[in-house]
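One structure is given here, and the rest of the page talks about it.
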Amino acid sequence: MFHIRTLNNISASAKEILKEPLYEIGDDVQNPEALFVRASDLHHYPFNPELLCIGRAGIGYNTIPVEECIRQGIVVFNTPGGNANGVKELFLFAMSMASRDIFDGMKWVYTYDGSQGPIEERMEKIKKQFAGPEYAGKTLGVIGTGNVGSMVANVALNLEMTVFGYDPFLSVDAAWKVSRHVERMSSLDELLSVCDYITLHVPLKEDTRGLINRDRIAKMKDGVRLINYARGEVVDENAVIEALESGKIARYVADFPTERLVHAPNTILTPHLGGTTIEAESNCARMAAAEMDEYLRNGNIRNAVNMPNVFMERTGLARICLIHENKPGMLAKIMPVFSEEGINIENMTNKSQGEYAYSLFDVNSEVPADAEEELGKIDGMIRVRILK
């Protein structure tokens, strides 16, 4: 039995995959082999020695110390695309709010005291102050055209917009999802200079933190409308507030409120609602559950943020799963242990990502306990698992 501890409320759809008697799942599980999280901050969480993986039901993983995890042999999964449709639908709201002053118009309706006559008459005289541009015929710049960005770019074409995309990290799989009518820009500065609307859909990493800063805002059109459904830290908040106060940015729509932004002019803020739909929460929970299930039972890795994707069909009597440093000679150190223990390899695969690598070996004999111990002694070896 595998023990999974939940640190947040997780959709019941996860338990359709992580079923008894193979799995015990709950918020009071002790010494778990897996953690299931949504938004918990794990940077100071005491990881127990038995912990093998963390499943994040969502895309962002800045609340998880992924480098520390892999040094302890803990694989961290997320769920790219699981909430993409929910974010895409909220983007439609953002485009409307970034254009016309709908928010202040609604506040006027709900606070009107009737002192200047019936609301039906008064509204016809003041409604022009809430006017704004249509987005049909305008240009939209999509920064990050992965699972969410590709959907946003495609739907914007249906809004009769001209769409430019920029993504230096675009994968082949993601590229297939983007319409051929989306024009790819070779540089971020080029995109910023030609767009009436700009929308952000990049993950928060060291090279995207503060991506939108003073220098880049200066390259934008005057009166640009900026939408941020990526992460709050992707923009330099000080620079955005300055641009809102000067009118350089006409409207800022974001899903990440802060005390300062709440009081900044021309901002529309939602309380991190991007993936908050019934369907998105269920999709992400099922996806994370399936990733953990496949790793715990078979050692296969899909959608890990600190390990490469590695998948191999099970053959043989046992599977040896090794997380180790990615340095020359590791396989040369591993093979003699197999030979000395009389272990015959039936199938194998090995992939690396940065400083770390993952190797799977299917063998057609039982694995002696001392073989597991010897593999663990190899310099650079991080974790050894034997699956039967």
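First residue of the sequence shown? That's 15 in the numbering used here, and the numbers climb one at a time after it. Note that CB positions come from ideal geometry on N, CA and C, so glycine has one too.
**Prompt:** If we ignore side chains and look at the alpha-carbon of each, how far apart do P279 and N297 end up?
**Reply:** 36 Å
**Asked** At a cut of 8 Å, does the region 300-312 reach the region 341-360 through at least three beta carbon pairs?
**Response** no
**Asked** When we look at the beta-carbon of R265 and count the other beta-carbons within 10 Å, is it buried (16 or more) or exposed?
**Response** It counts as buried.
**Asked** Taking the C-alpha atoms as reference points, what is the distance between K255 and I24?
**Response** Residue identity check: residue 255 is Ile in the sequence provided, not Lys. Approximately 36 Å, taken between the alpha carbons.
**Item:** Rounded straight-line distance, which links the Cα of A26 to that of R70
**Value:** 15 Å
**Message:** Less than 8 Å between the C-beta atoms of V324 and K365, yes or no?
**Reply:** yes
**Prompt:** Taking C-alpha atoms, which residue in G72, Y243 and E34 lies nearest to F50?
**Reply:** Measuring from the Cα of F50, the nearest candidate turns out to be G72.
**Message:** Let me check understanding here. Comparing Cα to Cα, which of F144, I212 and E138 lies closest to G158?
**Reply:** I212
**Prompt:** Leaving out the 5 sequence neighbours to the left and right, which residues in its chain are closer than 8 Å to G7 when beta-carbon positions are compared?
**Reply:** Here the chain has residues from 15 to 402 only, and residue 7 is not among them.
**Item:** Helix, strand or coil at C209 according to DSSP, with G and I counted as helix
**Value:** coil
**Prompt:** Can you find at least 3 beta carbon pairs, one from the region 338-348 and one from the region 368-375, that sit closer than 8 Å?
**Reply:** Three or more Cβ pairs closer than 8 Å define a contact, and the region 338-348 meets that threshold against the region 368-375.
**Item:** beta strand (DSSP E) segment containing Y180, residue limits
**Value:** T176 to Y180
**Prompt:** Which residue from D181, H338 and V177 puts its Cα closest to that of E197?
**Reply:** V177
**Asked** Under 8 Å between the Cβ atoms of L486 and M175?
**Response** An answer regarding residue 486 cannot be provided, because it is not within the stretch 15 to 402 covered by the chain.
**Request:** Note down, in chain order, each residue of its chain lying with its Cβ closer than 6 Å to the Cβ of N172, except the 5 sequence neighbours on either side.
**Result:** none
**Asked** Which term fits M111, buried or exposed, when burial requires 16 or more other beta carbons within 10 angstroms of its beta carbon?
**Response** With 16 or more other CB atoms across the displayed protein chains lying within 10 angstroms of its CB, M111 is buried.
**Length at least 3, wholly inside the region 251-331: the beta strand (DSSP E) runs in chain order** = 263-268 and 281-283
**Message:** For the alpha helix (DSSP H) containing T125, name the first residue and the last one.
**Reply:** I116 to T125
**Request:** Just the C-alpha distance for G119 and K142, rounded to the nearest angstrom, thanks.
**Result:** Between the alpha carbons of G119 and K142 lies a gap of roughly 10 Å.
**Ordered list of beta strand (DSSP E) runs contained in the region 49-99, each at least 3 residues** = 67-70 and 89-91
**Prompt:** In chain order, what residues of the same chain have a beta carbon less than 6 Å from the beta carbon of T284, not counting five sequence neighbours either side?
**Reply:** Excluding residues within five positions, the ones whose Cβ falls inside 6 Å are D269.
**Asked** What's the C-alpha gap between E134 and P79?
**Response** 56 Å
**Item:** Simplified DSSP assignment, three categories, for G390
**Value:** helix
**Asked** Is L214 closer than 8 Å to N252 when the C-beta atoms are compared?
**Response** no
**Message:** Here's a check: name, in chain order, each residue in its chain whose Cβ is nearer than 6 Å to the Cβ of A257, leaving out the five neighbours to either side.
**Reply:** Closer than 6 Å at the Cβ level, and outside the excluded window around A257, lie I231 and I263.
**Message:** Tell me the rounded alpha-carbon separation between A244 and Y149.
**Reply:** 21 Å
**Request:** Look at I334 and V381 and say whether their C-beta atoms are less than 8 Å apart.
**Result:** yes
**Message:** I'd like the ranges of any beta strand (DSSP E) spanning at least 3 consecutive residues and lying wholly in the region 16-44.
**Reply:** Within the region 16-44, the complete beta strand (DSSP E) segments at least 3 residues long are 16-20 and 37-40, listed from N- to C-terminus.
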